[in-house]
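Heads up: the protein sequence lines correspond to chains A and B, in order.
Going by the numbering used here, the first residue of the first sequence is number 1, and it counts up by one from there.
Going by the numbering used here, the first residue of the second sequence is number 138, and it counts up by one from there.
One structure is given here, and the rest of the page talks about it.
2 protein chains.
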Amino acid sequence: MSEELTNELLFFFNGFSSWENSIVRASDLTISEAHALEVLGEHEKMNMKSLAQKLGVTTGTTTVTVDRLEKKNFAKRESTQEDRRVNLIVLTEKGKKAFEEHHNYHLQLTEQMVSVLSEDEIRQFHDTLKKINMETF
Amino acid sequence: MSEELTNELLFFFNGFSSWENSIVRASDLTISEAHALEVLGEHEKMNMKSLAQKLGVTTGTTTVTVDRLEKKNFAKRESTQEDRRVNLIVLTEKGKKAFEEHHNYHLQLTEQMVSVLSEDEIRQFHDTLKKINMETF
DNA sequence: TAATATAACTTGAATATCAAACAATAAGAT
DNA sequence: ATCTTATTGTTTGATATTCAAGTTATATTA
């Protein structure tokens with residue numbers, strides 16, 4: 001029952017991961033830089049702690065990643081008056097452009113995935129994902 | 138149009154990755170060992186090259202991973218008459234058990250995901266995934 | 001003010017990964 | 001048959017990824 005669905009799901013995740021890795025390797029970003037960029041692109045300003053949480057890694061790891069993003073000029077740290085311990089990370093123009101480009105690849109993958117589906121199937125698939133995301137993750 | 142669906146997909150993949158990582162960290166396997174185990178558990182015997190391909194890494198990387206699996210007694214290399222360059226990797230009893238345990242977690246996650254869906258939705262979801270997997274990955 | 005908590009960084013160590021070079025073996029060509 | 005080329009897997013050297021634990025600076029609470 002669930003066995004077959006599980007295998008399809010694993011194949012799906014696996015396919016996505018491989019695709020993602022090959023996209024990233026073809027860019028001038030490393031994997032963790034790309035992951036950080038994906039998150040930062042969706043948020044105007046973000047402190048280290050919430051970025052770390054979103055990425056599912058420790059703040060120490062995030063420090064290293066943001067160091068590199070900063071060195072490569074994709075992002076920069078901004079301090080804030082309210083709490084002087086906090087660093088807000090913002091994307092530079094270069095960072096925003098890199099995010100857009102990366103995001104476009106995601107859009108293209110989505111288009112390719114749904115190209116085999118009918119309008120109805122797409123809608124249904126979207127609804128199902130929403131439900132699962134709300135409930136499970 | 139595709140924008141929203143893309144975001145749900147990214148959230149979905151992200152949720153799965155985080156879940157997978159936390160499961161693995163709670164076990165006595167590393168991430169790459171677990172990935173190799175996932176593949177090896179589905180194949181009786183597998184040579185290094187095809188294992189590397191399935192994992193989406195180089196054979197050099199796979200050598201290291203299999204070395205550790207072997208050292209930890211989860212798998213072993215077997216040589217073959219037909220082609221003496223080839224190493225066939227097989228799981229030990231301990232490896233098979235670890236695979237089963239890991240796979241059970243996947244089954245549980247699937248159950249949890251579909252618990253919000255109707256019978257019809259589950260069938261539809263399954264069909265859609267099959268189509269996408271066939272076409273895209 | 002003193003004690004405690006929090007945000008981010010640093011350090012040291014283990015893993016993960018790649019590209020390139022290498023060794024052993026197989027397959028194909030002349 | 002032997003010479004050349006291709007393939008399988010390992011090794012090497014380098015970089016990247018990550019964590020846990022400890023540190024520093026700043027906030028919050030008692």
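Beta carbons are placed, not taken as given, at the ideal position from N, Cα and C, and that holds for glycine.
These figures come from a predicted structure and were not determined experimentally.
Asked	Found
Just tell me which of Val253(B), Glu179(B), Asn224(B) has its CA closest to the CA of Lys233(B).	Glu179(B)
Tell whether a beta-carbon distance below 7 Å holds between Lys182(B) and Asn210(B).	no
For Leu88(A), report the span of its beta strand (DSSP E) as first-last.	87-91
Using beta-carbon positions only, say whether Leu40(A) and Leu107(A) come within less than 7 Å of one another.	no
Report the residues of the region 149-160 of chain B with a CB closer than 9 Å to any CB of chain A, ordered along the chain.	Phe149, Phe150, Asn151, Gly152, Phe153, Ser154, Ser155, Trp156, Glu157, Asn158, Ser159
Between Ser27(A) and Gly193(B), is the Cβ-Cβ spacing less than 7 Å?	no
Going along the chain, which residues of its own chain have a beta-carbon closer than 6 Å to the beta-carbon of Met1(A), five neighbours each way excluded?	none
Look at the alpha carbon of Gly60(A) and the alpha carbon of Glu145(B), and state the distance between them as a whole number of angstroms.	28 Å
Are the region 106-123 of chain A and the region 74-85 of chain A touching by the rule of at least three beta carbon pairs closer than 8 Å?	no
Taking only the alpha-carbon atoms, compute the straight-line gap between Glu20(A) and Leu10(A) and give it to the nearest angstrom.	15 Å
What in chain A is Cβ-close to Met250(B), meaning under 7 Å?	Ile132, Thr136
For a quick check, are the C-beta atoms of Val203(B) and Ile226(B) less than 7 Å apart?	yes
Under 7 Å, Cβ to Cβ, is there at least one residue of chain B near His126(A)?	yes
Against Ser27(A), what residues of chain B qualify as contacts under a CB-to-CB distance less than 7 Å, listed in chain order?	Neighbours of Ser27(A) on chain B: none; closest Cβ ~16 Å, over 7 Å.
Within the 7 Å Cβ cut-off, does Gly56(A) reach chain B?	yes
With a threshold of 7 Å between beta carbons, is His43(A) in contact with chain B?	no
What is the DSSP secondary structure of Ser118(A), counted as helix, strand or coil?	coil
Give me the subset of the region 200-217 of chain B whose CB atoms are less than 7 Å from a CB atom of chain A, sorted by chain position.	none
Chain A beta carbons: is any one of them nearer than 7 Å to that of Ser139(B)?	yes
List in chain order: all unbroken alpha helix (DSSP H) runs of 4+ residues lying wholly within the region 191-241 of chain B.	196-208
Could you tell me whether the Cβ of His123(B) comes closer than 7 Å to any Cβ of chain A?	Because chain B is modelled from 138 through 274, residue 123(B) falls outside the range shown and cannot be assessed.
Grab me the residues of Met48(A)'s own chain with a C-beta within less than 8 Å of its C-beta, minus the 5 sequence neighbours each way, in chain order.	Thr59, Thr62, Thr63, Val66, Val86, Asn87, Ile89
Quick check on Glu258(B) - is its C-beta less than 7 Å from some C-beta in chain A?	yes
How about Gln128(A) and Phe262(B): are their beta carbons less than 7 Å apart?	Note on residue identity: the sequence assigns Thr, not Gln, to residue 128(A). Yes; because the gap between Cβ atoms is below 7 Å, this pair is in contact.
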